[in-house]
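For reference, the structure is listed below as structure tokens.
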Amino acid sequence: MKVITTFLVLMFLVGCSHSSPAKRLASAEQLANENEWHQIIFKTSLFDLVSYVPENTILNTVLTVYIEGDGFAWRTSRQPSSDPTPHNPVALKLALKHQNGAAAYLARPCQYHQELNETRLCNQSYWTKKRYAEEVISASEQALTQLKNKYQANKLILVGYSGGAAVAALLAAQRDDVKKLITVAGNLDHQAWTEFHNVTPLADSLNPVDYLEQLQDIPQLHFVGEHDQNIPPKLAQDFIANYDSAKFAKVIVVTDQSHSCCWQEIWPKLILDNNIF
């Protein structure tokens with residue numbers, strides 16, 4: 006039963022098509038270029054992290070950074086993918102719909118690289134069991150600081166999609182410059198998530214639920230889809246229920262929304278209705 010459940014979860018995450026890494030990269034490049042954004046690569050002590058930013062840099066005291074999900078992590082229930090570049094880069098699509106102020110997009114380790122065998126530390130553990138490992142968060146933190154300096158910002162708003170929500174929350178817990186934490190279909194407690202789906206725990210990953218004390222005073226808004234079968238609303242609701250006081254954290258269940266489809270189409274309205282930026 007566990008294998009069947011695992012397979013269903015992973016196929017939901019992967020999606021229907023298995024286009025090549027080159028095609029996935031080209032698709033993201035085209036999407037960015039059509040919106041006058043371009044790719045830059047941030048060197049960190051461990052990984053080279055890909056970012057997309059607008060052609061015309063808007064300097065601002067507050068920078069919003071969109072963090073991508075786990076991407077194409079598994080090819081089958083037992084076989085990790087050879088390249089985690091997402092088929093559907095939801096966080097990039099959200100970033101391109103950003104309104105009001107400076108914004109940038111940050112990919113996860115080993116996503117959007119031409120040749121993974123030429124990229125430091127790109128082994129499959131970093132998009133499977135170690136996807137939220139300490140070294141992943143450290144590298145993402147270094148990239149955030151470089152983005153912050155590029156925009157001459159002094160505060161950050163972090164927007165994490167799916168597994169990128171875990172990264173965003175862990176970054177927020179470890180930094181003192183995060184003004185707000187926003188998640189979309191976010192995995193905020195991977196232990197609860199693996200238990201819900203009866204799959205192998207991510208034993209080598211940090212978990213946001215272990216950083217409640219550091220997070221509880223940061224304003225948070227967690228959007229979840231009413232019909233999300235991957236990360237259902239209850240997981241986000243249980244996460245904020247762990248706070249001693251949840252006055253700064255709110256879950257919004259979005260009607261008729263699933264896990265991955267079409268968040269970008271409603272993002273401008275969600276921004277406006279909830280006065281996010």
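Quick note: to get my numbering, add 5 to the position in the sequence shown (first position is 1).
We put the beta carbon where it would ideally sit given N, CA and C, even for glycine.
What you are looking at is a predicted structure, and each value in this text was computed from that prediction instead of being measured.
Excluding its 5 nearest sequence neighbours in each direction, S143 has C-beta neighbours in its own chain below 8 angstroms: T49, S50, L51, listed in chain order. Residue state for K160 is assigned as strand, using DSSP reduced to three classes. DSSP, reduced to helix, strand and coil, places K185 within a strand of the structure shown. Of V204, P89, V70, S250, the smallest CA-CA separation from E218 is found for S250.
In this structure, the beta-carbon distance from Y156 to L99 does not fall below 8 angstroms. With 16 or more neighbouring CB atoms inside 10 Å of its own CB, Q225 falls in the buried class.
Counting only residues of its own chain and dropping the five nearest sequence neighbours on each side, I187 has a CB closer than 6 angstroms to the CB of V164, L226. Burial state of T66 is exposed, judged by a 10 Å Cβ sphere holding fewer than 16 other Cβ atoms.
For A108, the enclosing beta strand (DSSP E) covers residues 107 to 111.
In this structure H195 is buried. Its beta-carbon is surrounded by 16 or more other beta-carbon atoms within 10 angstroms. The residue among N212, E120, N93, C127 with its C-alpha nearest the C-alpha of E139 is N212.
A direct Cα-Cα distance of roughly 22 angstroms separates A177 from K239. Excluding residues up to 5 positions away in sequence, Q221, D222, I223, P224, Q225 lie with their Cβ nearer than 8 angstroms to the Cβ of F253 in the same chain. Cβ-Cβ separation between V141 and K135: approximately 7 angstroms, consistent with a contact (criterion under 8 angstroms). As the crow flies, the alpha-carbon of D75 is around 22 angstroms from that of Q151. Between E41 and P59, the gap from beta carbon to beta carbon is short of 8 angstroms. Inter-residue distance for A241 and N192 is about 8 angstroms (C-alpha atoms, whole angstroms).
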